[in-house]
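In terms of the numbering used here, the sequence shown opens at residue 59 and continues consecutively.
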Amino acid sequence: MIVVAIDGPSGVGKSTVGKALAAKLGVPYLDTGAMYRAVGLLARRHGVPLPIPDPGRVGELADGCEVRVTGSGPDTRTILDGEDVSEEIRQPEISLYASAVAAIPRVRRRLAARQREMALASGGVLEGRDIGTKVVPEATAKFFLTARPEVRARRRFEELARKGTPQDLGTVEAEMAARDEADSTRADSPLAFDETYAVVDTSDLGAEEIAEKLRGLVLAREAG
Ligand code: DC
């Protein structure tokens with residue numbers, strides 16, 4: 059069974075590359091960030107402010123909800139308690155909520171267990187921040203994607219414009235830096251990689267090219 063971990067900060071092309079790689083390998087693709095976003099959305103709907111004053115309350119909300127990620131390729135949907143929230147979770151405000159709820163150990167425990175279950179049931183390409191370090195340390199292959207900061211900000215800026223929620227480039231850069239800082243310095247499962255990862259800089263390559271390169275590496279690992 060093939061399990062691939064793709065970790066890295068936002069704007070490095072994890073989703074595009076991950077979906078293309080999953081299609082090439084014929085395994086499901088799982089965007090774990092979407093699950094944190096769904097819990098972030100739930101917290102906002104319950105009127106929880108930022109910064110989160112009562113993490114216990116958000117832990118309860120996470121334990122009491124059902125988050126599913128269904129479909130494959132471009133048709134991936136995120137379902138929160140039966141409701142399709144795929145578009146709503148991409149709003150910039152929900153990015154901040156997602157990062158905030160992702161720092162709560164009880165939320166992480168719940169979502170990581172679910173992610174691990176899905177990976178071990180059918181294999182897959184899992185994309186996130188802690189996939190190879192915590193969720194499936196035994197993955198067939200682990201990749202940490204990076205890109206130059208200006209490239210990441212530009213990609214995110216274009217993605218938001220395309221999705222109808224444009225933000226100016228300065229705001230995108232500032233929010234990205236704040237989220238990177240929060241995701242990399244939290245106590246529980248910070249964004250990190252170790253010697254078991256292959257680090258790939260995506261600044262100057264197309265998604266298809268990267269996915270093809272990763273496919274070769276995964277198959278070599280699987281055979282070896
Ligand atoms: O990849 P993304 O931007 O959709 O992720 C949203 C937030 O969720 C991000 O700020 C970090 C967090 N996250 C995490 O802590 N662990 C994961 N496996 C995936 C995402």
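Heads up, the beta-carbon is just placed ideally off N, CA and C, and yes, glycines get one too.
Quantities reported herein were computed from a predicted structural model and do not represent experimental measurements.
Cβ neighbour criterion (16 or more within 10 Å) applied to residue i
i      : result
SER144 : buried
SER68  : buried
MET59  : exposed
GLY181 : buried
ASP142 : exposed
GLU282 : Reading off the sequence, residue 282 comes out as Gly, not Glu. Exposed, since its Cβ has fewer than 16 Cβ neighbours within 10 Å.
LEU83  : buried
GLY222 : exposed
ALA283 : With the chain covering 59 to 282 only, the question about residue 283 has no answer from this structure.
GLY274 : exposed
Residue i CB to nearest heavy atom of ligand 3 below 7 angstroms
i      : result
ARG220 : As far as ligands go, the structure on display features ligand 1 and does not contain ligand 3.
Chain-order list of residues whose beta-carbon lies under 6 angstroms from that of residue i (same chain, five-residue window excluded)
i      : result
ILE152 : ARG95, GLY98 and LEU99
VAL258 : PHE201 and LEU203
Beta-carbon contacts of residue i that lie in its chain and below 8 angstroms, excluding the five residues immediately before and after
i      : result
ARG210 : PRO67, SER68, GLY69, VAL70 and MET234
VAL75  : ILE64, LEU203, THR260, ALA265, ILE268, ALA269 and LEU272
LEU249 : ASP65, GLY66, PRO67, ARG187, ASP188, ASP238, ASP241 and SER242
VAL276 : ILE60, VAL62, LEU79, LEU83, THR198 and ALA199
Cut-off 7 angstroms between Cβ atoms - residues of its own chain near residue i, not counting five sequence neighbours on either side
i      : result
SER157 : ARG237, ALA240 and ASP241
ARG279 : THR198 and ALA199
GLY114 : none
**Report entry** Segments assigned beta strand (DSSP E), at least 3 residues, entirely inside the region 111–189
**Finding:** Qualifying beta strand (DSSP E) stretches, in chain order: 125–128, 135–138 and 182–186.
Query raised in the report: Quick check: the region 89–106 against the region 121–137, are there 3 or more CB pairs under 8 angstroms?
Result: yes
Report task. Check whether the region 69–81 touches the region 104–111, taking contact to mean three or more Cβ pairs, one atom from each stretch, closer than 8 angstroms. Result -> no
Query raised in the report: Of all the beta strand (DSSP E) runs that stay within the bounds of the region 196–248, which reach a length of 3 or more residues?
Result: 199–204
Query raised in the report: Taking three-plus beta-carbon pairs below 8 angstroms as touching, is the region 172–187 in contact with the region 230–238?
Result: no
Query raised in the report: Would the region 209–225 and the region 267–275 be scored as touching if the rule is three or more Cβ pairs under 8 angstroms?
Result: no
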